[in-house]
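Here the structure comes first, spelled out in structure tokens, and everything after it is commentary.
Protein chains in written order, with the numbering used here: chain A, 8 to 379; chain B, 571 to 878.
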């Protein structure tokens, strides 16, 4: 038990006492105390008991279960009052501290090798995500934050379920048409140009600095020009995506094509392999980690480019269009629903590229080592 | 002679020249349609040179020629007082202030998070995956929303607003800087985590044998080894920060700033104006990266590094 863990445990116990003693909230004219409900008093008492009984020697998984139960109680109690009091925030703080204690203990065990089941490591970030969601829900609903400022996750979820057709149409317009087309063209052309200029040392010397400079530029600014050139529909968005994805791919692919060492190339020469054979059998596979790096960077850039380009004019469908009009009407729930969809799309897109990378570059140390 | 021909600067110079020529050719080709269209409505016949020259000086071109952009940029920056609202320098300053504020906040946030992650196992395990996931969220695309929300929080009827007492300008600046912060903290976190973890075990062991405290180990060993990583990530971060500040100005009702000029130019079909804003933001990005590079050289020299 490290010093930090001890501090966390003591703080959790303190907050548990506060959660029992202070009023949970106000309902109508009545003050709701923790002992009005069974759960709201049972959980902090359980925390105190466990911390005291085991003199801080809970197995990590028990403290994890305790934290999850705490989160459930925090959410359950939301229905018991109209506005939250200090006791409720103490309850939330206790749940957070127990969750932190769990993360601290589990990662200490994982680091020291006492815990063999590596997949347990996944629980730590999951717990953090859950803790943030619970705090968000509790903070917005308990603190009566107006929906215009920040809607609760449950409100956003209800909005997503209610507006599935609209969200699906926007997703199809922005992601399936503009992003995928632009992403394929931009990366494809970037890779081909990289292979072409790779044969000329002069072009490589000149284009690489220019390429890395251009990738740092605010290229999304090109969006209004593309909208004027290619019209309001998805081709103009795809064009922005092409431009945004081209340069990262070019720079990375050129760098990747240069990683083979002289000895490897000499071996290919001694096999009398042609330029194309060397390219496909040695240099492109060797460049794959770099190419996938660009593909991963570009997966986010593509989504950004397409949505931002829609701010400059669209047909009446698309994620960027929906976001900008919903902001105008102060329909913040819908905006957050679109943000959630785009976040999900972005993460899944990135995840798919990362999975393909694992399959293709299985030989690379970063994958073989089992990290990343 | 071969030394010049093999140098990087020469290659870049030649390629930039080529790009400018390609731009001119593109301007002639893309404007050809509109110009011939207008000429055919006059009825009079025009020679080929006439058409080509007009394509390069047309007032509402599809693609303006480089010199048109350069002239517009010159007129809107150097001939007007920087305080003039028509001066691009005025708008550049608005964007730059949000960029710099966001960059500083992002760097500080990034360094603090990186320290936290390096020093605490649990933080490393719980934060790192989410920090990486946060970058797959196309936050830049929803930047205008975040800006409007932050602005509303800072000026609305709530505890935060009453505590800070900001006027509208400051609230706008901060709300844009929030986006710039979000974009710039990520490279700093990733770079600094790598940098702070770069001391070798043998060096960390030496610190242990000296009975150094955690603070001493960070300050005397980890921090100095991380400085080169810090500057490398700051170069990426400052460029990202500028992109964030520009996009944050897009449809947020902002009337000043480079992003706002871009949007106004696009509504009015002012191609030349859009291009000069783009060129100016490119110059700005270059200068910012250069400035970080200069600070890097000074700091590294001061820390006793010998020129490589």
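By construction, the Cβ of each residue, glycine as well, lies at the ideal position given by its N, Cα and C atoms.
- Taken through DSSP and simplified to helix, strand or coil, residue 222 of chain A comes out as helix.
- Our two residues, residue 598 of chain B and residue 633 of chain B, have alpha carbons roughly 8 Å apart in a direct line.
- By the Cβ criterion, the segment 87 to 103 of chain A is in contact with the segment 10 to 22 of chain A, since at least three pairs of Cβ atoms, one from each stretch, lie closer than 8 Å.
- Sixteen is the threshold: when 16 or more other Cβ atoms of the shown chains lie within 10 Å of the Cβ of residue 705 of chain B, as they do, the residue is buried.
- Taking 8 Å as the CB threshold, residue 611 of chain B stays off the interface with chain A.
- Taking 8 Å as the cut-off, the Cβ atoms of residue 761 of chain B and residue 713 of chain B do not count as close.
- Around the C-beta of residue 637 of chain B, fewer than 16 other C-beta atoms lie within 10 Å, and the residue is accordingly described as exposed.
- Against residue 235 of chain A, the close residues of chain B are 632, 836, 839, 841, 844, in the order they occur along the chain (beta-carbon pairs closer than 9 Å).
- Only buried fits residue 178 of chain A, as 16 or more other CB atoms lie within 10 angstroms of its CB.
- Residue 271 of chain A and residue 291 of chain A have their C-alpha atoms some 13 Å from each other.
- Taking the Cβ atoms as the reference, residue 296 of chain A lies roughly 7 Å from residue 263 of chain A, within the contact range of under 8 Å.
- Each of A:342, A:364, A:309 was checked against the Cα of residue 708 of chain B, and the nearest Cα belongs to A:309.
- Look at residue 617 of chain B here: in three-state DSSP terms it is coil, with no helix or strand label.
- Within 10 angstroms of the beta-carbon of residue 649 of chain B lie fewer than 16 other beta-carbons, which makes it exposed.
- Take residue 325 of chain A, set aside five residues on each side of it, and the residues of its chain with a beta-carbon closer than 6 Å to its own are 177, 180, 181, 317, in chain order.
- Per DSSP, residue 852 of chain B is one residue of the alpha helix (DSSP H) stretching across 841 to 872.
- Annotation: Cβ neighbours of residue 699 of chain B in chain A (cutoff 8 Å, chain order): 132.
- 8 Å or more divides the Cβ of residue 220 of chain A from the Cβ of residue 835 of chain B.
- In chain B, no part has a C-beta under 9 Å from the C-beta of residue 321 of chain A; the shortest such distance is about 12 Å.
- The beta carbons of residue 684 of chain B and residue 766 of chain B sit closer together than 8 Å.
- The segment 150 to 159 of chain A makes contact with the segment 334 to 354 of chain A, as at least three CB pairs between them are under 8 Å.
- Two segments are said to touch when three or more pairs of C-beta atoms, one from each, lie closer than 8 Å; by this definition the segment 245 to 253 of chain A touches the segment 185 to 193 of chain A.
- Residue 269 of chain A and residue 367 of chain A have their alpha carbons spaced roughly 24 Å apart.
- Boundaries of the alpha helix (DSSP H) around residue 662 of chain B: 658 to 689.
- The straight-line gap separating the alpha-carbon atoms of residue 858 of chain B and residue 54 of chain A is approximately 52 Å.
- By the criterion of a C-beta distance shorter than 6 Å, residue 757 of chain B is surrounded in its chain by 803, 806, 807, once the five residues flanking it on both sides are discounted.
- In its chain, beyond the 5 residues on either side, 109 have a beta carbon closer than 6 Å to the beta carbon of residue 71 of chain A.
- The beta carbon of residue 654 of chain B sits no closer than 8 Å to any beta carbon of chain A.
- Going by DSSP, residue 38 of chain A is part of the beta strand (DSSP E) stretching over 37 to 39.
- Residue 228 of chain A: not part of any alpha helix (DSSP H); DSSP gives it neither H nor E.
- Rounded to whole angstroms, the gap between the alpha carbons of residue 810 of chain B and residue 357 of chain A is 19 Å.
- A direct Cα-Cα distance of roughly 48 Å separates residue 88 of chain A from residue 828 of chain B.
- Residues of chain A with a Cβ closer than 7 Å to the Cβ of residue 705 of chain B are, in chain order, 307.
- The Cβ-Cβ distance between residue 719 of chain B and residue 671 of chain B does not fall below 8 Å.
- Within the same chain, and ignoring the five residues on either side of residue 344 of chain A in sequence, the residues whose Cβ sits closer than 8 Å to its Cβ are 163, 166, 167, 170, 174.
- For the set A:96, A:86, A:24, A:39, the Cα lying nearest the Cα of residue 56 of chain A is the one of A:24.
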